[in-house]
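First to last, the sequence lines map onto chains A and B.
So that you can map any letter, position 225 of the first sequence is 225 in our numbering, and since no number is skipped, the others follow by simple counting.
Residues are numbered in our numbering as their position in the second sequence, beginning at 1, plus a constant of 597.
Positions of the beta carbon are idealized from the N, C-alpha and C atoms, including for glycine.
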Amino acid sequence: MSTSMNDPKLTNDHKLTSGAKLMSGAKMLLECLVREGVDCMFGYPGGVTLPFYDVLYDHPIRHVLVRHEENAAFAAGGYARATGKVGVCCATSGPGATNLTTGLVDAMMDSIPIVALTGQVSTKLIGSDAFQEADTFGITRSCTKHNYMVKRFEDLAQIVHEAFYLANSGRPGPVLVDIPKDVFQAQGHYQPVTSIHLPGYKVFTEGHTGQIRRAAQLIQESERPLVYAGGGVLASDATAELREFVEKTDIPAVITLMGLGALSSNHPNFISMPGMHGSYAANIALTNCDLLIALGTRFDDRVTGRLAAFAPHAKVIHVDIDPAEIGKNRTPEVPIVGDVKRVLVKLNQLLAEKPEAPVEGRLHNARHEWWRQIREWKEQHPLRTSSSETEIKPQHLMAEIDRLSGGHAIVTSDVGQHQMWAAQFIRFNEPRLWLNSGGLGSMGFGLPAAIGAQFARPDKLVFSLVGDGGFQMSIPELATIASHGLPIKIVIMNNGYLGMVRQWQTLFYNDRLSSVELDCFPDAAKLAGAYGFKGRTIDKPWELGPALEEAVNEPGPYLLNVKVTPLENVYPMVPAGGAISEMVLGPPQPVAETAVR
Amino acid sequence: MLQVISVLLENKPGALMRVTGLLTQRGYNIESLTVARTLDPELSRMTIAVDVDDNTRPQVIKQMNKLINVLQATDLTDVPAVIRELVLVRIRMPQETRTAVLKEAEIFGGRVVDSSTEGFAIEVTGAPEKLNEFIDVMGSYGEIEVTRSGSLAIGLENKKLRLQPPIATLGAVNNRPVREKTNA
Numbered sequence: 001m002s003t004s005m006n007d008p009k010l011t012n013d014h015k016l017t018s019g020a021k022l023m024s025g026a027k028m029l030l031e032c033l034v035r036e037g038v039d040c041m042f043g044y045p046g047g048v049t050l051p052f053y054d055v056l057y058d059h060p061i062r063h064v065l066v067r068h069e070e071n072a073a074f075a076a077g078g079y080a081r082a083t084g085k086v087g088v089c090c091a092t093s094g095p096g097a098t099n100l101t102t103g104l105v106d107a108m109m110d111s112i113p114i115v116a117l118t119g120q121v122s123t124k125l126i127g128s129d130a131f132q133e134a135d136t137f138g139i140t141r142s143c144t145k146h147n148y149m150v151k152r153f154e155d156l157a158q159i160v161h162e163a164f165y166l167a168n169s170g171r172p173g174p175v176l177v178d179i180p181k182d183v184f185q186a187q188g189h190y191q192p193v194t195s196i197h198l199p200g201y202k203v204f205t206e207g208h209t210g211q212i213r214r215a216a217q218l219i220q221e222s223e224r225p226l227v228y229a230g231g232g233v234l235a236s237d238a239t240a241e242l243r244e245f246v247e248k249t250d251i252p253a254v255i256t257l258m259g260l261g262a263l264s265s266n267h268p269n270f271i272s273m274p275g276m277h278g279s280y281a282a283n284i285a286l287t288n289c290d291l292l293i294a295l296g297t298r299f300d301d302r303v304t305g306r307l308a309a310f311a312p313h314a315k316v317i318h319v320d321i322d323p324a325e326i327g328k329n330r331t332p333e334v335p336i337v338g339d340v341k342r343v344l345v346k347l348n349q350l351l352a353e354k355p356e357a358p359v360e361g362r363l364h365n366a367r368h369e370w371w372r373q374i375r376e377w378k379e380q381h382p383l384r385t386s387s388s389e390t391e392i393k394p395q396h397l398m399a400e401i402d403r404l405s406g407g408h409a410i411v412t413s414d415v416g417q418h419q420m421w422a423a424q425f426i427r428f429n430e431p432r433l434w435l436n437s438g439g440l441g442s443m444g445f446g447l448p449a450a451i452g453a454q455f456a457r458p459d460k461l462v463f464s465l466v467g468d469g470g471f472q473m474s475i476p477e478l479a480t481i482a483s484h485g486l487p488i489k490i491v492i493m494n495n496g497y498l499g500m501v502r503q504w505q506t507l508f509y510n511d512r513l514s515s516v517e518l519d520c521f522p523d524a525a526k527l528a529g530a531y532g533f534k535g536r537t538i539d540k541p542w543e544l545g546p547a548l549e550e551a552v553n554e555p556g557p558y559l560l561n562v563k564v565t566p567l568e569n570v571y572p573m574v575p576a577g578g579a580i581s582e583m584v585l586g587p588p589q590p591v592a593e594t595a596v597r
Numbered sequence: 598m599l600q601v602i603s604v605l606l607e608n609k610p611g612a613l614m615r616v617t618g619l620l621t622q623r624g625y626n627i628e629s630l631t632v633a634r635t636l637d638p639e640l641s642r643m644t645i646a647v648d649v650d651d652n653t654r655p656q657v658i659k660q661m662n663k664l665i666n667v668l669q670a671t672d673l674t675d676v677p678a679v680i681r682e683l684v685l686v687r688i689r690m691p692q693e694t695r696t697a698v699l700k701e702a703e704i705f706g707g708r709v710v711d712s713s714t715e716g717f718a719i720e721v722t723g724a725p726e727k728l729n730e731f732i733d734v735m736g737s738y739g740e741i742e743v744t745r746s747g748s749l750a751i752g753l754e755n756k757k758l759r760l761q762p763p764i765a766t767l768g769a770v771n772n773r774p775v776r777e778k779t780n781a
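Here is the structure:
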């Protein structure tokens, strides 16, 4: 027997068990996880996963006990979002597995690589309505990129390695492996998996050379080009290539909610986030550009508004690794199926080959005019932070977090008003700092995601910026944070409402505020104190800066409850189904006039 | 008219559900579905007849092609293809029309697979529309009971089947498999 499994610390040279060796399925699973480089996982044990938790007991892989399985999936997502590595979560059969599903769909929508391991009742009991039995394989079919049920012990290792491969190749996503208890308990030999054969899994990474050439041509000929980059740039680790591209071509860029950080918020070519709550400049630039260079993004309805009015004058170059995204919402003139990083490398090379061509004469003037226009739009309607003498404005809160972050802290958020203000006002000067539930928009994401992120990046300052609604959905995780002494700065933007729903009721339902008031919010100091860490509630503008500094300087966790103006609305706003050029800029002004050239 | 989608997929538990799930999640009703092994026992060929509008169909087929268990999904609606269906009809009719029924069955290329004093059981293969006519004709002679197989289709164009070759893992996939660093 090898003693490597008892090695006290997990290192790169952690000696792997080699050759055929008798072990249980549970141990084999662990062996696979070690080989996949897993150092940390999030989970909750139960009856059928007992054999697995038994082998975990004296193993160096760190298992973080969350307080609800949904948060295990969110934490794994936070871990994956902060690193690009596969996040791992684990739950028992039945309720454990069903509780994971929200986190799985969240990862599916945002293309986040996670592997979920669930226990299942023994194979001979499957289908007998056994205690804690649920059809996990069936339930999670549409929640995952792919899922497996391991019916035979002999398939276990192969399936687990395939799961990791699938999760983080091509378009990343969640993969679930459902393992019956008797498979955990069976004994057999581990044969190292040397090959993965998935004949139907086609990943197109390279991009068609001819199309890339056409793209380069269009880029050099365009007068008003615009980069529209999304989360795919982060997923393919292409931030350096994106920077090189925008600098070489001097093309302005809008970055989506999922892509924030793909280009530093301080970069002169960064305009801002586009879409429903995007800036005036970003949306009007989209409306007026003549070439849209879409990189790792999916023309989501929250970005495009009414599709027919989205970038109506533009030819579109669409680069995405998922062929099904190309032409789904907008038919591009130049479709490129490929990994954004590899395509950008080629594009940059092509553009470098013709240094004389890009800008001169008429084109040069047109590009110059385009930039002048964009600067003008930015100045006309900047995202203005509002402030008050008596109340804390939400925008003021975001500006203060931004000041303390300096563009370098990890910020996780839930969904709603605070998420939009954070995206508008907090800078992200590195990739993988802004972690939010973009596609699914799941409340309760912010706190567990921060746990995952802090385990992944212990060196980083992590703000968990949540609303008073979402926070209460994941309140049990305060125990996880306390248990590990994670120095997460939980900042609650507390307006006493489900703010975004309240905003829509105000604007579109005659201000009939139905079931959106959140009363009885707990006392933050007492709540944090009950878990053994510090907390505080503030509601005066002058308290904000010092309180945030106190939170950041606290070596452990901190719960800061910030009472903000209750009825503030997020602007600009594109009403659902509207054109993004017709945004509502704020309460006094009616509809902005479309700036058409 | 119905559209026909042909899917080549791995013969594995759950594979069928993944393909049909893409249609049901969009609220489309599957009119018919046939599935059986191919020459390679590890693969199955599925033929789906469904009514999906022309704008949605390409997206659904792309999503099918994305499924890990699917090797190839092809739209056979507007390309050269042979589409056939089998129908089994049991007919009960008066003695005096027996000969007429047999004649009609012959016209449709039908074969009597059972005969009794009450009537016949007849099998017919053909294009689905032809079978509709056959069923109508039989119905005019007496009481019928019908079982249809659903459409089976084979494309007549050579479509290259692109398959992913096996990937060597050297014992561990190591978290970021296909994205080895290209120089930044």
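- Counting along the chain, no beta strand (DSSP E) covers P95/A; the unbroken alpha helix (DSSP H) around it starts and ends at P95 to M109.
- Q622/B sits in coil when the DSSP states are folded into three classes, being neither helix nor strand.
- Going by DSSP, F508/A is part of the alpha helix (DSSP H) stretching over G499 to F508.
- The three-state secondary structure of S405/A, taken from DSSP, is helix.
- Chain order gives the chain A residues near M614/B as G138 and R141, where near means a beta carbon separation below 8 Å.
- The alpha-carbon of Y53/A is positioned some 11 Å away from that of G119/A.
- Setting aside the 5 residues that flank it on each side, E391/A is surrounded in the same chain by T565, each with a C-beta closer than 6 Å to its C-beta; the list follows chain order.
- Comparing alpha carbon positions, the residue from V303/A, Q454/A, A479/A and K341/A closest to P572/A is V303/A.
- Rounded to whole angstroms, the separation of the alpha carbons of L613/B and Q503/A is 44 Å.
- CA-CA distance, Q669/B to S264/A, rounds to 41 Å.
- Given a length threshold of 3 residues, each whole run of the beta strand (DSSP E) inside the stretch 239-326 of chain A is given here in chain order: 253-255, 291-295 and 315-320.
- Residue-level contact by beta carbon holds for G611/B and chain A, with a gap shorter than 9 Å.
- For G618/B, the residues of chain A that pass the 9 Å Cβ criterion are R141 and S142, in the order they occur in the chain.
- For A163/A, the closest alpha carbon among the candidates V177/A, G446/A, K563/A and D339/A is that of V177/A.
- Under a 10 Å Cβ-count criterion, H189/A is classified as exposed, with fewer than 16 other Cβ atoms of the shown protein chains found around its own Cβ.
- In this structure, G200/A sits away from V616/B, with a CB-CB distance that is not shorter than 9 Å.
- DSSP places G578/A outside any alpha helix (DSSP H), giving it a letter other than H or E.
- Judged by pairs of C-beta atoms under 8 Å, the stretch 145-157 of chain A does not touch the stretch 59-78 of chain A, as fewer than three such pairs exist.
- Taking CB atoms only, A765/B has a neighbour in chain A less than 9 Å away.
- Restricting attention to beta strand (DSSP E) runs no shorter than 3 residues, the stretch 46-84 of chain A encloses them at 62-65, ordered along the chain.
- Scanning its chain for C-beta atoms nearer than 8 Å, with the 5 sequence neighbours on each side dropped, one finds around L699/B the residues V709 and F717, in chain order.
- A distance below 6 Å between beta-carbons, with the five flanking residues on each side excluded, links A551/A to the following residues of its chain, in chain order: K489, Y558 and L560.
- With respect to the 9 Å criterion, P252/A and W370/A are classified as neighbours on the basis of their beta carbons.
- Contact annotation, V121/A with P180/A: C-beta distance approximately 6 Å; criterion of less than 8 Å satisfied.
- For the stretch 328-348 of chain A, residues whose beta-carbon sits nearer than 9 Å to a beta-carbon of chain B comprise K328, D339, K341, R342 and V345.
- Under the three-state reduction of DSSP output, F42/A falls in the strand class.
- Taking a contact as a CB-CB distance under 8 Å, the pair V150/A and V183/A counts as one, their CB atoms being some 5 Å apart.
- For the stretch 703-735 of chain B, the beta-carbon criterion of a distance under 8 Å to any beta-carbon of chain A is satisfied by none of its residues.
- If the five residues before and after L749/B are omitted, its C-beta is found closer than 6 Å to the C-beta atoms of T631, T644 and R681, all from its own chain and listed in chain order.
- With its beta carbon less than 9 Å from one in chain A, L664/B belongs to the interface.
- Apart from sequence neighbours up to five positions away, the residues of its chain that approach E247/A with a beta-carbon distance below 8 Å are N269, ordered along the chain.
- The C-beta distance from Y625/B to V601/B rounds to 14 Å, too long to fall under 8 Å, and the pair is not in contact.
- Contact note: Q622/B reaches chain A through S142, using a C-beta cutoff of 8 Å and chain order.
- Between the stretch 404-414 of chain A and the stretch 448-465 of chain A there are three or more C-beta pairs closer than 8 Å, enough to call the two in contact.
- Contact annotation: the stretch 685-695 of chain B does not touch the stretch 653-668 of chain B, with fewer than three C-beta pairs closer than 8 Å.
- The Cβ-Cβ distance between G438/A and M109/A falls below 9 Å.
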